[in-house]
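Residue numbers are given in my numbering: position 85 of the sequence shown equals residue 143, and the series is strictly consecutive.
In what follows, a single structure is set out as structure tokens and then discussed.
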Amino acid sequence: MITRFAPSPTGPLHLGHAYSALLAYDMARAAGGTFLLRIEDIDSTRSRPEWEAQIYDDLAWLGITWDAPPMRQSDRLPAYRDALQTLWARGLLYPCTCTRRDITAAASAPQEGAEPVYGPDGLVYPGTCRPDTPPTAPFPEDVALRLNMGAALTSLASSGFSFHETGQDRDEDILFTAKELQTQIGDIVLSRRDFPGSYHLSVVLDDAAQGITHVIRGEDLFEATQIHVILQRLLGLPTPIYNHHHLIRDENGKRLAKRDDARAIAKYRAEGATREDIRRLVGL
Ligand code: GLU
Numbered sequence: 059m060i061t062r063f064a065p066s067p068t069g070p071l072h073l074g075h076a077y078s079a080l081l082a083y084d085m086a087r088a089a090g091g092t093f094l095l096r097i098e099d100i101d102s103t104r105s106r107p108e109w110e111a112q113i114y115d116d117l118a119w120l121g122i123t124w125d126a127p128p129m130r131q132s133d134r135l136p137a138y139r140d141a142l143q144t145l146w147a148r149g150l151l152y153p154c155t156c157t158r159r160d161i162t163a164a165a166s167a168p169q170e171g172a173e174p175v176y177g178p179d180g181l182v183y184p185g186t187c188r189p190d191t192p193p194t195a196p197f198p199e200d201v202a203l204r205l206n207m208g209a210a211l212t213s214l215a216s217s218g219f220s221f222h223e224t225g226q227d228r229d230e231d232i233l234f235t236a237k238e239l240q241t242q243i244g245d246i247v248l249s250r251r252d253f254p255g256s257y258h259l260s261v262v263l264d265d266a267a268q269g270i271t272h273v274i275r276g277e278d279l280f281e282a283t284q285i286h287v288i289l290q291r292l293l294g295l296p297t298p299i300y301n302h303h304h305l306i307r308d309e310n311g312k313r314l315a316k317r318d319d320a321r322a323i324a325k326y327r328a329e330g331a332t333r334e335d336i337r338r339l340v341g342l
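This is the structure:
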């Protein structure tokens with residue numbers, strides 16, 4: 059078993075992160091497996107070295123040790139670019155110049171008939187920039203690239219997909235269809251204009267590169283897992299087992315966010331809490 063914790067260094071780790079990290083860590087240790095760390099720092103405008111340093115410090119304080127040097131996404135650009143070039147050469151990507159506003163306008167245009175559909179990435183892309191035939195130009199730089207979901211599904215020649223979910227007392231295969239992918243997820247962005255990659259592409263390539271067998275993460279990423287399975291199939295990568303855990307919420311039932319400094323692990327530490335206190339607070 060190889061599990062991982064994959065925080066973004068864009069703010070302090072809070073109780074929700076502690077829960078996720080401890081679950082993944084305990085699971086690996088209980089199985090005599092391996093626990094790895096990955097710093098998801100592709101968002102260069104929000105990632106900060108001081109938050110990264112704080113992550114290492116908080117995890118060490120929690121008693122969490124990792125079994126290899128952390129992987130950092132900012133070191134992985136060549137791998138992301140390779141995968142994008144492969145998908146481009148297979149005619150599965152296309153450049154998109156739409157702004158968010160363009161997409162909202164097109165998705166809610168009266169002639170579309172149906173209500174706009176929201177997927178795990180926001181509004182399902184209405185297809186404005188999607189070409190009728192695969193682009194033949196050389197791999198383009200400095201433009202966003204979308205996955206042509208229809209072409210991707212045709213190339214996979216399968217009408218249904220699945221992954222195995224073990225979170226929240228579940229132990230079942232989650233099934234989804236090609237049709238659902240096209241209507242509810244659609245042509246997602248795989249490469250941003252300012253960065254050769256996206257969360258979905260990076261997470262899939264990195265989990266494979268780190269040999270992750272069990273992905274333990276919050277249930278907010280449950281829906282996005284369908285995207286990850288499709289990318290794994292397209293790129294010939296294994297699909298790990300998934301465990302989507304419940305989110306730690308505040309007393310009003312709202313999920314914790316990075317800005318919930320009140321629940322930052324560092325704050326509890328400063329107030330004299332022990333790591334056992336943190337475990338108790340998150341129900342472990
Ligand atoms: N970096 C993501 C976060 O901090 C987690 C991604 C994942 O576990 O797949 O929310």
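The C-beta atom is built at its ideal place from N, Cα and C for all residues, glycine as well.
In this structure, the straight-line span from the alpha carbon of Ile288 to that of Asp265 is close to 14 angstroms.
Glu329 is not a Cβ neighbour of His302, given a cutoff of 8 angstroms.
Between the alpha carbons of Ala202 and Leu248 lies a gap of roughly 8 angstroms.
Residue burial annotation: Leu73 is buried, with at least 16 other C-beta atoms found within 10 angstroms of its C-beta.
For Asp231, the enclosing beta strand (DSSP E) starts and ends at 230 to 235.
The ligand GLU has a heavy atom closer than 7 angstroms to the beta-carbon of Ser66.
Inter-segment contact for the stretch 157 to 166 and the stretch 213 to 230 is absent: fewer than three beta-carbon pairs are separated by less than 8 angstroms. It is roughly 34 angstroms from the alpha-carbon of Asp140 to the alpha-carbon of Asp84. The C-alpha of Asp179 lies about 30 angstroms from the C-alpha of Ala86. Of all alpha-carbon atoms in Gln242, Leu292, Pro198, the one lying nearest the alpha-carbon of Ala215 is that of Leu292. With 16 or more other CB atoms across the displayed protein chains lying within 10 angstroms of its CB, Arg275 is buried. When distances are taken from the beta-carbon of Leu248 to the heavy atoms of the ligand GLU, even the shortest one reaches 7 angstroms or more. Remark: the C-beta of Glu98 is in contact range of the ligand GLU, defined as less than 7 angstroms to any heavy atom. A residue is called buried when at least 16 other Cβ atoms come within 10 angstroms of its Cβ; Leu211 meets this threshold and is buried. Listed as beta-bridge partners of Ile60 by DSSP are Thr92. Rounded to whole angstroms, the gap between the alpha carbons of Met207 and Glu173 is 20 angstroms.
Check the Cα spacing between Ala76 and each of Pro67, Phe63, Thr68: the tightest is with Phe63.
Shown here, Gly180 sits in a strand according to DSSP, grouped into three states.
DSSP places Leu295 outside both helix and strand once states are collapsed to three, so it counts as coil. Shortest gap from the CB of Val261 to any heavy atom of the ligand GLU: under 7 angstroms.
Ile285 and Ile243 have their C-alpha atoms some 8 angstroms from each other. Across the structure, Ser78 and Asp190 are spaced so that their CA atoms are roughly 43 angstroms apart.
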